[in-house]
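> Anchor point for the sequence shown: position 602 equals 862 in our numbering, and the numbering is continuous, going up by one each time. Ideal placement from N, C-alpha and C gives every residue a C-beta, glycine not left out.
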Amino acid sequence: KAEELKVEVEVAKLRENRFPQLRELYRSAPEVAKSLRSVYEARALTKDEEIDKFAREKDFNAYLLRRWRAYLQKAGEDPVWTIWQRLAALPEGEFASKAGATLATIDRSKLHPLVAGAFKETPGSVTEMAEIFGKLFAQYDKAEPLKDAPEEALRQVLRGEDSPLNFPFSDYDQVRVTVDKQNEDGKRTPLESLRLRQAYLGAPPRAQALEDVPEPKPGHVFLRGKPENKGDEVHAQFLQILAGEKRQRFTNGSGRLELAEAIASKSNPLTARVLVNRVWQHHFGQGLVRTPSDFGTRGDAPTHPQLLDYLAHEFMANGWSLKKLHRTMMLSQAYQQGSVENAAARQLDPENKWLWRMNRRRLDYEELRDSLLATSGRLDRTMGGLPGSAMAWPYLQRRTIYAFIDRALVPNDFRVFDFANPDAHSPQRYLTTVPQQALLLMNSPLVIEQAKALLARPEIRAEKNDRRRISKLYQLLYGRLPTAEEIAIARGFLIDEANTGGAVPDDSKCGVWHYGQVEYDDKSGEVKGFTPFDWFLNGEWVNSPMPGDPRQPLAFLNSRGGFTYGGKVKALTRRWVAPVDGQVTITGRLEQSFDNGCIKCEGVQAIIVSSRSGRIGNWTAAPAKTETIASEVAVQRGDTLDFITDASKGGSGKVFRWEVTIRHDGRHDGRHDGRHDGRHDGDEWNSLRDFRNPAANVMNAWERYAQMLFAAAEFLILD
Numbered sequence: 261k262a263e264e265l266k267v268e269v270e271v272a273k274l275r276e277n278r279f280p281q282l283r284e285l286y287r288s289a290p291e292v293a294k295s296l297r298s299v300y301e302a303r304a305l306t307k308d309e310e311i312d313k314f315a316r317e318k319d320f321n322a323y324l325l326r327r328w329r330a331y332l333q334k335a336g337e338d339p340v341w342t343i344w345q346r347l348a349a350l351p352e353g354e355f356a357s358k359a360g361a362t363l364a365t366i367d368r369s370k371l372h373p374l375v376a377g378a379f380k381e382t383p384g385s386v387t388e389m390a391e392i393f394g395k396l397f398a399q400y401d402k403a404e405p406l407k408d409a410p411e412e413a414l415r416q417v418l419r420g421e422d423s424p425l426n427f428p429f430s431d432y433d434q435v436r437v438t439v440d441k442q443n444e445d446g447k448r449t450p451l452e453s454l455r456l457r458q459a460y461l462g463a464p465p466r467a468q469a470l471e472d473v474p475e476p477k478p479g480h481v482f483l484r485g486k487p488e489n490k491g492d493e494v495h496a497q498f499l500q501i502l503a504g505e506k507r508q509r510f511t512n513g514s515g516r517l518e519l520a521e522a523i524a525s526k527s528n529p530l531t532a533r534v535l536v537n538r539v540w541q542h543h544f545g546q547g548l549v550r551t552p553s554d555f556g557t558r559g560d561a562p563t564h565p566q567l568l569d570y571l572a573h574e575f576m577a578n579g580w581s582l583k584k585l586h587r588t589m590m591l592s593q594a595y596q597q598g599s600v601e602n603a604a605a606r607q608l609d610p611e612n613k614w615l616w617r618m619n620r621r622r623l624d625y626e627e628l629r630d631s632l633l634a635t636s637g638r639l640d641r642t643m644g645g646l647p648g649s650a651m652a653w654p655y656l657q658r659r660t661i662y663a664f665i666d667r668a669l670v671p672n673d674f675r676v677f678d679f680a681n682p683d684a685h686s687p688q689r690y691l692t693t694v695p696q697q698a699l700l701l702m703n704s705p706l707v708i709e710q711a712k713a714l715l716a717r718p719e720i721r722a723e724k725n726d727r728r729r730i731s732k733l734y735q736l737l738y739g740r741l742p743t744a745e746e747i748a749i750a751r752g753f754l755i756d757e758a759n760t761g762g763a764v765p766d767d768s769k770c771g772v773w774h775y776g777q778v779e780y781d782d783k784s785g786e787v788k789g790f791t792p793f794d795w796f797l798n799g800e801w802v803n804s805p806m807p808g809d810p811r812q813p814l815a816f817l818n819s820r821g822g823f824t825y826g827g828k829v830k831a832l833t834r835r836w837v838a839p840v841d842g843q844v845t846i847t848g849r850l851e852q853s854f855d856n857g858c859i860k861c862e863g864v865q866a867i868i869v870s871s872r873s874g875r876i877g878n879w880t881a882a883p884a885k886t887e888t889i890a891s892e893v894a895v896q897r898g899d900t901l902d903f904i905t906d907a908s909k910g911g912s913g914k915v916f917r918w919e920v921t922i923r924h925d926g927r928h929d930g931r932h933d934g935r936h937d938g939r940h941d942g943d944e945w946n947s948l949r950d951f952r953n954p955a956a957n958v959m960n961a962w963e964r965y966a967q968m969l970f971a972a973a974e975f976l977i978l979d
């Protein structure tokens, strides 16, 4: 409760500070013109629901539309608004042709002089007319009254007591823009995250229950699928094509239970056959009916109709037990066949519809990934539990069935290997063979990591004899011994690779950078604690490996910048740990774009804090680009410089770019980390160039060989 009260106080203060900014926004020339244009375009609408729908579709503010409409109706043809009222009465299609003649009929002596002066020439459209009025009113929009009476009259349009823009604070929700709601939601995110975190850990914040109705209510056929276009009344009952003409209405509650019983009924000829066919497809690669989601007249006929009927009958007779169904199929002679070729059989049945052999089958992505982990010795066989990211480093070592899948962001590795589209019905996997599959196995950090782990297995690492090590690799990966030719090819490859392998890059630059979040005290300028980002995903250090993680809002750092969601308790930081003593100079540029209609947004606040000297720099991204420079900063080896970004003054979340360079002038006492050979010629660290990617590994000859064994067809195909 205390946390909720604290957050609501912060939200109230945010709204209070934002309110005058919104008034200022809507008094700007473009917004006044937009409001006037909305009144003209909605002139024929009278019902509230029509106005609301129109405003949503046209991106107008319905609340302001109504206020401006009421204001103009009250103003009538006063000196300021006579031209508007006369020209706005013209149909849009006739505006250009009749506007000049209409203006000529107006007695200009009765017009407001400044308005008359603004309309010396005829506007070509309603939009142009609205823009003229908008610029005119904005020109005289002053906080204090004007001495000149005509000017003051125009000022009163936007500032007067009866102005449509003199809306009360109680109507704040009606005038706020999308970013304002996002900012408020961002303030409330920690509370919602706390609730979701409890639910994520098994303690739901509320109980979810479905209450059945006492008796089923009839529905309607929607004509052309439109809910508002109702056709005949219909009652809850089973499908006529399966139940026949004498089907009965459901009478027990909502009818859900009766529907389930009708679906799983022995008298229903379809359910058992469909399920048996799916299980058969799982074991044999193809179903007895090759169109598993279509048993109709346009689908394929069963290759073995009597077998399908027999299995369906046995399945129902055994209490609909899937375990017994699996056992029946797997103990059959058909399932236990090998994939040995038979020329005579192939001549008679080239597609193997009659199952004279086992079909060779390529592993799907889940099987391939599990096989990589199993052969490397890293597969975690723990059952149950929460999902995890399969793409973030350090990689999930559990079976791929526990991988978290975001339907909107299916990982590319999954898609390359024909992963089923989670947005559509997928009765079976479609197998393709494309270059991207080979490229993935050649370049994937996951495959590289498993190749290294495979060579690190005790039985492989302990073997010093090349021939025996190659043999053990073949046994682990392929379940057989290599031929003499394969051993010769392997040894030749290893010799060539060992002689041509590149040098291991020096990580002394990358190793001084660390990425995470800190608690920053604005008053004292001190940093409290450091929580490193433990995951690396899609080229970014992230605070969670899963998109949309309910436990905490997203924050990330990449080579150029990052995303911070506000607050100094978890401010984003790029931490530099000094490897030398002396003085350094810091240069950089903070960049952020403002595309949300905000006039006085402060944006991201950038702060540099030294563990030795405290805060040494403070900037905001307003204007959009700001130089961040700090000279003669004293450091000693082990000191830290935190490059902090904080969005607490600018809203719920901010994307920014901040590249920094740290230069050491070489004037120190010679004590450094041993990686510079005692030279005193200065040094430089750059956050972009030195960005640390833990998944970018250098491989030796044996590891490259193991990776090639993983990529071979024999590993990918079940034979």
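Since residue 851 and residue 881 are thought to touch, with beta carbons under 8 Å apart, how far apart are those beta carbons, to the nearest angstrom?
Yes, they are in contact, since the Cβ atoms of residue 851 and residue 881 sit about 7 Å apart, within 8 Å.
> Which first and last residues belong to the beta strand (DSSP E) in which residue 610 is found?
No beta strand (DSSP E) holds residue 610; DSSP gives it neither H nor E.
> Enumerate in chain order the residues of its own chain whose CB-to-CB distance from residue 707 is below 7 Å, with the five nearest sequence positions on each side excluded.
632, 701, 967, 970, listed in sequence order.
> Residue 800 to residue 918, Cα distance in whole Å?
Residue 800 and residue 918: Cα-Cα distance of roughly 14 Å.
> How many Å lie between residue 685 and residue 519 at the Cα?
Going by the C-alpha atoms only, they are around 22 Å apart.
> Report all residues from its chain with a CB closer than 6 Å to the CB of residue 276; omit the five preceding and five following residues, and keep chain order.
Excluding sequence neighbours, residue 276 sits near nothing in its chain.
> If you count every other CB in all the chains shown that lies within 10 Å of the CB of residue 343, and 16 or more means buried, which is it?
By the neighbour-count rule (16 or more Cβ atoms within 10 Å), residue 343 is buried.
> Could you check whether residue 920 and residue 842 sit closer than 8 Å to each other, using their CB atoms as the reference points?
Against a cut-off of 8 Å, the Cβ pair of residue 920 and residue 842 comes out as no contact.
> Below 8 Å between beta carbons: does that hold for residue 295 and residue 332?
For residue 295 and residue 332, no; Cβs fall outside 8 Å.
> What residues in its chain sit with their C-beta under 8 Å from that of residue 538, if we drop five residues either side in the sequence?
547, 552.
> Below 8 Å on the Cβ atoms is my guess for residue 846 versus residue 889; work out the distance and round it to an integer in Å.
Right, the Cβ-Cβ distance comes to about 7 Å (below 8 Å), so this counts as a contact.
> Ends of the beta strand (DSSP E) at residue 945?
Segment 943-946, the beta strand (DSSP E) holding residue 945.
> Write down the C-beta distance between residue 804 and residue 812 rounded to the nearest angstrom, noting that I regard them as a contact closer than 8 Å.
About 6 Å; that satisfies the 8 Å criterion.
> What first and last residue would you give for the beta strand (DSSP E) that runs through residue 885?
Element bounds for residue 885: 885-887.
> Identify the continuous beta strand (DSSP E) that holds residue 1016 and give its terminal residues.
Past the edges of the chain, shown from 261 to 979, lies residue 1016, and the structure says nothing about it.
> So, with DSSP's three-state summary, where would you put residue 923?
The answer is strand: DSSP assigns residue 923 an E or B state.
> Please go through the same chain and pick out, in chain order, the residues whose beta-carbon is closer than 8 Å to the beta-carbon of residue 267, but skip the five residues on each side of it.
For residue 267, where only same-chain residues beyond five positions count, the Cβ hits under 8 Å are 447, 448, 450, 451.
> Could you name the residues of the same chain whose beta carbon sits closer than 8 Å to that of residue 937, not counting the 5 residues immediately before and after it, in chain order?
With a pLDDT of 41 at residue 937, under the threshold of 50, the predicted position of this residue should be treated as unreliable, and no value is reported.
> Assign residue 527 to one of two classes, buried (16 or more other C-beta atoms within 10 Å of its C-beta) or exposed (fewer than that).
Result: exposed.
> Kindly identify the DSSP beta-bridge partner or partners of residue 878.
Answer is 867.
> Which of helix, strand or coil does DSSP assign to residue 580?
Residue state, collapsed to three classes: coil.
> With residue 377 as the anchor, note down where its alpha helix (DSSP H) starts and where it stops.
Looking at the DSSP string, the run of the alpha helix (DSSP H) that includes residue 377 is 373-378.
> Mapping DSSP to helix, strand and coil, what is residue 846?
If DSSP states are grouped into helix, strand and coil, residue 846 belongs with the strands.
> Can you tell me the Cα-Cα spacing of residue 630 and residue 952, whole angstroms?
If you take the alpha carbons of residue 630 and residue 952, they lie about 28 Å apart.
> Check this for me: beta carbons of residue 906 and residue 924, under 8 Å apart or not?
No, the pair does not count as a contact, with Cβ atoms beyond the cut-off.
> In its own chain, which residues sit with a C-beta less than 6 Å from the C-beta of residue 239, not counting the 5 before and 5 after it?
Outside the modelled stretch of the chain, which goes from 261 to 979, sits residue 239, for which no answer is possible.
> My assumption, with CB atoms under 8 Å, is that residue 779 sits in contact with residue 829. Please give the rounded CB distance.
About 5 Å separates the two Cβ atoms, so the contact holds.
> With DSSP as the reference, label residue 509 as helix, strand or coil.
Correct three-state label for residue 509: strand.
> Since residue 320 and residue 298 are thought to touch, with beta carbons under 8 Å apart, how far apart are those beta carbons, to the nearest angstrom?
Contact flag correct, Cβ pair sits at about 4 Å.
> Any chance you could list the alpha helix (DSSP H) runs of at least 4 consecutive residues sitting entirely within the region 510-550, in chain order?
Listed in chain order, the complete alpha helix (DSSP H) runs (minimum 4 residues) inside the region 510-550 are 516-523, 531-544.
> Looking at the unbroken beta strand (DSSP E) that takes in residue 775, where does it start and where does it end?
Taken as a continuous stretch (DSSP letters only), the beta strand (DSSP E) holding residue 775 covers 773-781.
> Considering only DSSP beta bridges, list what residue 493 is partnered with.
480, per the DSSP bridge assignment.
> Measuring only the C-alpha atoms, how far is residue 770 from residue 959?
Straight-line Cα distance between these residues: approximately 18 Å.
> Taking C-beta to C-beta, are residue 901 and residue 868 nearer than 8 Å?
Yes, these two residues count as a Cβ contact at 8 Å.
> Among the candidates 429, 750, 617, whose CA atom is the shortest distance from the CA of residue 281?
Ranking 429, 750, 617 by Cα distance to residue 281 puts 429 first.
> Excluding the five sequence neighbours on either side, which residues of its own chain have a C-beta within less than 7 Å of the C-beta of residue 671, listed in chain order?
Cβ neighbours of residue 671 beyond the five flanking positions: 650, 651.
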